[in-house]
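*Asks:* Heads up, the sequence shown is in my numbering, so the first residue is 517 and it goes up one at a time.
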Amino acid sequence: MRRNWVIWGVLGCVLVWFAGCQGDTVVRQFECSGDSECESSKSCIEGKCVIDDKDKDGFSSKRDCNDNNKRIFPGASEVCDNGIDDNCDGNIDEKPCICLEGEQRPCGVQEVGICKRGVQFCERGQWGECKGGTLPSEELCENGKDDNCNGTVDEQPCVCKDGSKRACGNEEKGSCRKGTETCKDGKWGACEGEVKPVAEDCNGKDDDCDGSIDEDLSGSCYTGPDGTRDRGECKGGVRKCEQGQWSACVGEVKPIAEVCDSKDNDCDGLVDNGLEQDCYDGPKGTQSVGICKAGKRACVAGQWGECKGEVRPAKEDCNGKDDDCDGMVDQGLGGPCYLGPTGTEGVGECKAGVRNCDAGTWTPCVGQVLPANSDICGDKKDNNCNGSVDEGCQTNFEIRNTIDTDSGKIDGIVSVGWQGNGQFQLPSLTIPANAQVKVIGSKPLILKVQGPVEIIGTLALNGGEGKPSDCTNNFVQQGGVGAGAGGTGGTGSNCNTGGGQPPGGDGTGASFGKGGTGGGVRAGSGGGGGHATVGGDGTPAAASGKGGAIVGSATTLTAGSGGGGGSCGVAGSSFFQVFTPGGSGGGGGGAVQIESTVGDVTISGAILAQGGEGGAGATCNGLLGDSSSGGSGGGGSGGMIWILAKGQITVAASAYLDASGGKGKGTAPSGKGGDGGDGRIRLQDQDGVVAYPSARVNPIPTLATY
517 MRRNWVIWGV
527 LGCVLVWFAG
537 CQGDTVVRQF
547 ECSGDSECES
557 SKSCIEGKCV
567 IDDKDKDGFS
577 SKRDCNDNNK
587 RIFPGASEVC
597 DNGIDDNCDG
607 NIDEKPCICL
617 EGEQRPCGVQ
627 EVGICKRGVQ
637 FCERGQWGEC
647 KGGTLPSEEL
657 CENGKDDNCN
667 GTVDEQPCVC
677 KDGSKRACGN
687 EEKGSCRKGT
697 ETCKDGKWGA
707 CEGEVKPVAE
717 DCNGKDDDCD
727 GSIDEDLSGS
737 CYTGPDGTRD
747 RGECKGGVRK
757 CEQGQWSACV
767 GEVKPIAEVC
777 DSKDNDCDGL
787 VDNGLEQDCY
797 DGPKGTQSVG
807 ICKAGKRACV
817 AGQWGECKGE
827 VRPAKEDCNG
837 KDDDCDGMVD
847 QGLGGPCYLG
857 PTGTEGVGEC
867 KAGVRNCDAG
877 TWTPCVGQVL
887 PANSDICGDK
897 KDNNCNGSVD
907 EGCQTNFEIR
917 NTIDTDSGKI
927 DGIVSVGWQG
937 NGQFQLPSLT
947 IPANAQVKVI
957 GSKPLILKVQ
967 GPVEIIGTLA
977 LNGGEGKPSD
987 CTNNFVQQGG
997 VGAGAGGTGG
1007 TGSNCNTGGG
1017 QPPGGDGTGA
1027 SFGKGGTGGG
1037 VRAGSGGGGG
1047 HATVGGDGTP
1057 AAASGKGGAI
1067 VGSATTLTAG
1077 SGGGGGSCGV
1087 AGSSFFQVFT
1097 PGGSGGGGGG
1107 AVQIESTVGD
1117 VTISGAILAQ
1127 GGEGGAGATC
1137 NGLLGDSSSG
1147 GSGGGGSGGM
1157 IWILAKGQIT
1167 VAASAYLDAS
1177 GGKGKGTAPS
1187 GKGGDGGDGR
1197 IRLQDQDGVV
1207 AYPSARVNPI
1217 PTLATY
């Protein structure tokens, strides 16, 4: 909009009583008084709407949060995970957002058996179809592969009747004949007696079993020595199959004696070879002195060529020989030496040394410094002598999702610090806020870090909970599985329809402190797994399992044990006296050792190695309205949390360190699983003094110096 502004000027009117002084009127016109009155690509400057759009994206620099990037402007599509506010709304990487062209990520089914993961590519801001993977297929017998990707190779049914026979092999045509397969131990044996097709030969027979004899048999031929065909002047000819016999080779050229005519007559790959004479072009008086000797001149292109094979005087070397052919050996040798790669001498830490020639052998190069394989992080030196200091040293290593102690994968990728057997070596370590890092694998987790360690999120090694039973199941209830070498809980009992009833299964555990023993018959319950303390017994005592014993010592990295499984209760509601099944035991907590060999360890998040709870036994109505309960599973024991620091360990008020045992399910006297024993927490740093929030750390840790 346009406005008129009137400015009244009093020119020369210092004293108002001077008569005749009249105000002059000046009128100025303005298009705008602010940016909001202009188009989006313009700004209001001195009352005018002028173009102020550097990146030509339709928005002025006062409205565009980055006027140097045409892709960034108000209302643009937000791009995922690039750390930029693309749409200028004040937020970074908010949802929804698009992917970037050319990005890729893994996709498809879990890699089991023949199954392989594929790859998705970002196309026009959206993830495309999954390509390159292998999906499950129908299981094929006796091929040694898990075709349906269920974890089992060549599973049954796939049998035949012993002694039976069947024809096998190709159709009987031409020279081909069928064979016979015989069934043994439920499997078809090898095809015996079969005559298979072979390549057609010139013999008056149908060798490839296609109904034709000696068809299309003709081609090149050569009867000269091996290795001479199509070399030099030699070449092959042509032959045909006639009435089961090969004809003569027509048109071939075989080797002859070499002639000095610029051709390879003997077809050995050399032209005019074997035609030579002695020669020496070195200085007069040096032939046959020291290492010097005459050579040979060969016939090349019909003329004698250069002298080859001669040895002329060379620079004297430390080898016990007269290299310069002056009648003296190894004279004047010795001085600076450097055996490192070219271009590294005098760079970084690398420098030359000194050596001498002694009896034809160089003495060691004394005092030289050669390049290291890589820079030593943190010493601020160019150890590998490439002109850069501390390159390739990662300053921080973040873990966000999973650590696999069997495969060495961190967040799905094999870590460069993987040392095998559950051990990693990292430059530094952070588990960031909101990260839930789960430990998987069958080995204890050992993290050795050269720099500082900071646990802000959660590192979880909890044992799995036991599975409950119900009144209808008739199968073994599998126990909870531990992570990071934690023991597996015992199985729940599978009850019979009458007679003697089986007890629950035992849990597994490390060393002599195995998991709790499964409960006895009739509503017995499994004992809790043992670790730093003995696991509790289930109740009632007359029919319950036993808790596991103590595992290892305070200075041995040991995971927790699994709880025992519950046993069968009394007869339930079934007319056929089906006994009530028991629940399975909880898995043991895992074991983790985190060590900073040079720095500090700070924990403001959580490290959890709790034992899993036992599974509950079923409660079923009896024939006369009463109820019957199966034994419940015992809890798994807690694992071990062991933290070491060359510097200081700090446990913040917000931190959780928990290696407590899992609880047994059920109630006494019908059948209650015993509680799992607590695990261990051990803290070792420079001074052996660590403050921790007592309400958040269980059990009480052992403190020691590093």
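Virtual Cβ for every residue (Gly too), placed ideally from N, Cα, C.
What's the C-alpha gap between Asp-540 and Phe-546?
*Replies:* Because Asp-540 sits at a pLDDT of 44, beneath the cut-off of 50, its placement in the model cannot be relied upon, and the following sentence gives the value as read from the coordinates. Distance between the alpha carbons of Asp-540 and Phe-546: 20 Å.
*Asks:* Please state the DSSP three-state secondary structure of Arg-1212.
*Replies:* In the three-state reduction of the DSSP assignment, Arg-1212 falls in the helix class.
*Asks:* Cutting at 6 Å between CB atoms, please list the residues of its own chain near Gly-1155, excluding the five before and the five after it.
*Replies:* Apart from sequence neighbours up to five positions away, the residues of its chain that approach Gly-1155 with a beta-carbon distance below 6 Å are Leu-977, Gly-1002, Ala-1075, Gly-1076, Gly-1105, Gly-1106, Ala-1107, Ala-1125, Ala-1175, Gly-1195, ordered along the chain.
*Asks:* Could you name the residues of the same chain whose beta carbon sits closer than 8 Å to that of Pro-612, not counting the 5 residues immediately before and after it, in chain order?
*Replies:* Glu-594
*Asks:* Between the beta-carbon of Ala-1070 and the beta-carbon of Thr-860, is there less than 7 Å?
*Replies:* Ala-1070 places its beta carbon 7 Å or farther from that of Thr-860.
*Asks:* Tell me where the beta strand (DSSP E) around Val-711 begins and ends.
*Replies:* First-last for Val-711: undefined, no H or E at that position.
*Asks:* Taking only heavy atoms of the ligand FMN into account, decide whether any of them is closer than 6 Å to the Cβ of Val-669.
*Replies:* For the ligand FMN, the structure offers nothing, since it holds no ligand at all.
*Asks:* Please report how far the alpha carbon of Arg-1212 lies from the alpha carbon of Gln-884, in whole angstroms.
*Replies:* 57 Å
*Asks:* Any idea what DSSP makes of Val-1205, helix, strand or coil?
*Replies:* coil
*Asks:* Report the rounded CA-to-CA distance for Gly-1000 versus Thr-1049, giving the unit in angstroms.
*Replies:* About 19 Å.
*Asks:* So, is Ile-567 buried or exposed, given that buried needs 16 or more other C-beta atoms within 10 angstroms?
*Replies:* exposed
*Asks:* Whole angstroms is fine: what's the gap from Asp-732's alpha carbon to Glu-710's?
*Replies:* In a straight line, the C-alpha of Asp-732 is about 26 Å away from that of Glu-710.
*Asks:* Return helix, strand or coil for Thr-1221, following the three-state DSSP convention.
*Replies:* strand
*Asks:* Tell me whether Glu-822 sits in a helix, a strand or coil according to DSSP, three-state version.
*Replies:* strand
*Asks:* Assign Thr-1221 to one of two classes, buried (16 or more other C-beta atoms within 10 Å of its C-beta) or exposed (fewer than that).
*Replies:* Looking at its Cβ environment, which holds fewer than 16 other Cβ atoms inside 10 Å, Thr-1221 is exposed.
*Asks:* In the DSSP output, what is Ile-956 paired with across the bridge?
*Replies:* Ile-956 is bridged by DSSP to Asp-920.
*Asks:* Distance, Cα to Cα, Cys-737 vs Pro-771?
*Replies:* Near 15 Å, if we compare the C-alpha coordinates of Pro-771 and Cys-737.
*Asks:* Just confirm the distance between the C-beta atoms of Gly-1151 and Asp-1201, as a whole number of angstroms; I'd bet it's less than 8 Å.
*Replies:* Going by Cβ atoms, the distance from Gly-1151 to Asp-1201 rounds to 32 Å, so no, they are not a contact pair.
*Asks:* Three Cβ pairs or more, each shorter than 8 Å: is that satisfied between the segment 1112-1120 and the segment 958-977?
*Replies:* yes
*Asks:* Excluding the 5 residues preceding and the 5 following Ser-1060 in the sequence, name in chain order all residues of the same chain whose CB lies nearer than 6 Å to its CB.
*Replies:* Gly-1035, Gly-1040, Ser-1041, Asp-1053, Gly-1054
*Asks:* Under three-state DSSP, which class holds Glu-562?
*Replies:* coil
*Asks:* Less than 7 Å between the C-beta atoms of Gly-1051 and Gly-1078, yes or no?
*Replies:* no
*Asks:* Going by the CB atoms, is the gap between Cys-699 and Ser-680 shorter than 7 Å?
*Replies:* yes
*Asks:* Does the beta-carbon of Asn-899 have 16 or more other beta-carbons within 10 angstroms, so that it is buried, or is it exposed?
*Replies:* buried
*Asks:* Going by DSSP in three states, Asp-551 sits in which element: helix, strand or coil?
*Replies:* When secondary structure is reduced to three states using DSSP, Asp-551 falls in the helix class.
*Asks:* Given a cut-off of 7 Å on the beta-carbon distance, is the pair Gly-1098 and Gly-1021 in contact?
*Replies:* no
*Asks:* Give the secondary structure of Val-769 by DSSP, where H, G and I count as helix, E and B as strand, and everything else as coil.
*Replies:* strand
*Asks:* In whole angstroms, give me the CA-to-CA distance for Lys-721 and Arg-745.
*Replies:* 30 Å
*Asks:* Under 7 Å between the Cβ atoms of Ser-559 and Asp-571?
*Replies:* no
*Asks:* For Ser-756, does the three-state DSSP call read helix, strand or coil?
*Replies:* The identity of residue 756 in the sequence shown is Lys, whereas the question assumes Ser. Here Lys-756 sits in strand by DSSP.
*Asks:* Could you say which of Lys-954, Gly-903, Asp-1203 lies nearest to Asp-927 if we only look at CA atoms?
*Replies:* Lys-954
*Asks:* What number of angstroms, rounded off, separates the C-alpha of Ser-1210 from the C-alpha of Gly-1182?
*Replies:* 30 Å
*Asks:* On the DSSP letters alone, give me the boundaries of the beta strand (DSSP E) that Ala-1107 sits inside.
*Replies:* 1107-1112
*Asks:* Given a cut-off of 7 Å on the beta-carbon distance, is the pair Leu-1173 and Glu-1111 in contact?
*Replies:* no
*Asks:* For Val-1167 and Gly-606, what's the separation of their Cα atoms in angstroms?
*Replies:* 35 Å
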